[in-house]
Each structure stands twice: as structure tokens, then as C-alpha cells.
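Down below is the structure, laid out as C-alpha cells.
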Amino acid sequence: MTCETYESEADLAAALGRRVVGLIQRHPTIVLALPTGRTPIALYSELARLTRLEHVDWSGVRTFNLDEFVGLGGGDAGSYRRFMQTRLFDHVNLRAGHIGFLDGRAPDLEQECTRYARAIADAGGIDVMILGIGANGHVGFNEPADALLARTHKATLDLPTRASNALWFDGEIARVPREALTMGMATILQSHAIVLMGTGESKAEAVNAVLTGGITTRVPASFLTLHPQVTMMFDEPLADAMATLR
Ligand code: GLP
């Protein structure tokens, strides 16, 4: 595992944006898994900027997003699909058929999870999985629990997770769905390479637990330490806050 620290969130986004663009240029049919949340916002604007500037061709790229709220679809405000549309998809020439997304409004959610797993397998698996981390150590919507699920599944969201997602619902926790569909831990760990972005002091305890606390289902991101090719990218506020915990 490699850990890198950048002076600011913007520097981290610039470095990762450059790396992703380089990957797309070298491997035009790369399969990327993408996160939502506050953390990747700077990355997506950087990718949009570099794409505009350098005419990056995304026409062969495939993407799969990690998760989506149950009950929400692409047209719904607050949906992760909508977030991705405005932050990234509107700014690059990804083909519509190359955008993989869980449909939170699918009539049969179990079937939807199976469809998604199959779509990822049909694409040849995920080459690079980009992740954020929840303040409680979750990845995707794999919340701390006695047991974690391996495959794509419906998850019940913890209250702190709903609170941190209230941002996408005008700050109203009550409007944040109680359930979501998410890739499971095996899907995440089967990616060829994983990049975890961590920014801000609010993630210090979770990241510290990942790096020093051993592997536990109580910190789902700790399972990433089992993977042979993980890069963790932090900003200084997070690194400084972690130093005070040791
Ligand atoms: C959300 C998402 C995760 C994300 C995490 C951190 O609930 N499901 O995929 O990585 O929580 O979010 P943020 O970047 O806003 O801190």
C-alpha cells in the first residue's frame, strides 16, 4: 500500500486527475469505478478541465458508480446519478451505454443488483476503483457491521451517513433515503487497482483505524489493506489530524 499526502485537497485532485487522464490516454478502454460525495468534487472538476484543455477522448472508457439511493433515479435531485451527470458526465464524451449505474428505482432491487454485477463482469471487471471514505469508515455504502456483504446489495444507512448525505437534500436528513444499493466488498477488492481519497480532519479517526487498527468489519475500509495495489491519497489537514491521534 502506498500513502501519499498533498498540501491541499486541490493538489490531491490535480495529481489524481492527471493520473486518471494519463491512464485513459494509455488505456482508452479502461474500466473505472467512481465515487460520489464531497471528496471527489474537485477531482471531477479537474477531469472536466483537463478533458476540455487536452481533448481527452472518453469514448472507449466505461464507468461504474459505486452506489445509489433506493427510490431515486437519474432524474431525481439528490440522486448520485444526477450528481455524476452534472459533475462529470456532461463534460466528457463517455458513451451513454458505457455509464454503469445502479437504478434505485428498479422494480426488483435484487434483480437490479444481479444485473449490475453481470454488467461489471461483462466489462471485464474494474481496472481502477476510486473511493472516498465515510467518517465511520464505510466505503460505497458498506457500513460498519458484524458482517459485511461481498456482492452488490441493498444496504440500510446509518444515521451519521444519512446526516452527511443531507447536503444533497437541502440539508434535510428526513429526505435522505434510508436504504441504498451498493457494490459489495468483494466487488471492490476484485478491482485491479484501488485509489482511496481522504480529505479533511473529519476522516482522521476512520483513516487512522484503517492504517493501524487491523482488519475489522467495524471499519469496512480496513479490508482495503488486503489488496495488493492500493494507493491512499490524503490532504494535509487529514494527515495532521491523524498525527495527533498517534
Ligand atoms: C457517502 C458515499 C461514499 C463516500 C462517502 C464519503 O455516503 N456513499 O461513497 O465515499 O460517503 O462522503 P464525502 O466524500 O461526502 O465525505
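In the working numbering, each residue carries its 1-based index in the sequence shown increased by 196.
The C-beta atom is built at its ideal place from N, Cα and C for all residues, glycine as well.
If you draw a 10 Å sphere on the C-beta of alanine 376, you find 16 or more other C-beta atoms in it, and that means buried. DSSP lists Met429 as the bridge partner or partners of glutamate 200. With a cutoff of 8 Å on beta-carbon distance, valine 257 and isoleucine 316 are scored as not near each other. Assignment of methionine 393 by DSSP, reduced to helix, strand and coil, places it in the strand class. Annotation: arginine 222 to leucine 246 spans about 15 Å, alpha carbon to alpha carbon. The beta carbon of arginine 371 sits closer than 6 Å to those of Phe365, all from its chain and outside the five residues before and after it, given in chain order. The C-beta distance from alanine 229 to glutamate 205 rounds to 21 Å, too long to fall under 8 Å, and the pair is not in contact. Taking the CA atoms as reference points, aspartate 286 sits about 43 Å from arginine 442.
Threonine 408 sits in a helix when the DSSP states are folded into three classes. Sorting Val335, Gly394, Phe279, Met438 by C-alpha distance to the C-alpha of threonine 413 places Val335 at the top.
Here DSSP, grouped into helix, strand and coil, assigns asparagine 361 to helix.
Straight-line spacing of the CA atoms in glutamate 308 and leucine 243 works out to 29 Å.
A buried status is given to proline 231, since no fewer than 16 other beta-carbon atoms sit within 10 Å of its beta-carbon. Beta-bridge annotation (DSSP): asparagine 261 is paired with Leu230. In this structure, the straight-line span from the alpha carbon of glutamate 432 to that of leucine 363 is close to 24 Å. When the Cα atoms are used, isoleucine 322 and methionine 393 turn out to be separated by approximately 17 Å.
Under the three-state reduction of DSSP, glycine 296 is assigned to strand. Taking a cut-off of 8 Å for Cβ pairs, the stretch 298 to 307 and the stretch 328 to 345 do not touch, as fewer than three such pairs fall below it.
With contacts defined as CB atoms closer than 8 Å, asparagine 289 and serine 241 fail to qualify as a contacting pair. In terms of CA proximity to leucine 355, Arg374 leads the group Gly328, Arg374, Met438, Ala346. Boundaries cannot be given for methionine 379, as no beta strand (DSSP E) includes it and DSSP labels it neither H nor E. Within 10 angstroms of the beta-carbon of alanine 209 lie 16 or more other beta-carbons, which makes it buried.
The beta carbons of proline 236 and glycine 328 sit about 6 Å from each other, so the pair counts as a contact at 8 Å. Not one heavy atom of ligand 1 sits closer than 7 Å to the Cβ of glycine 321. When secondary structure is reduced to three states using DSSP, leucine 327 falls in the strand class.
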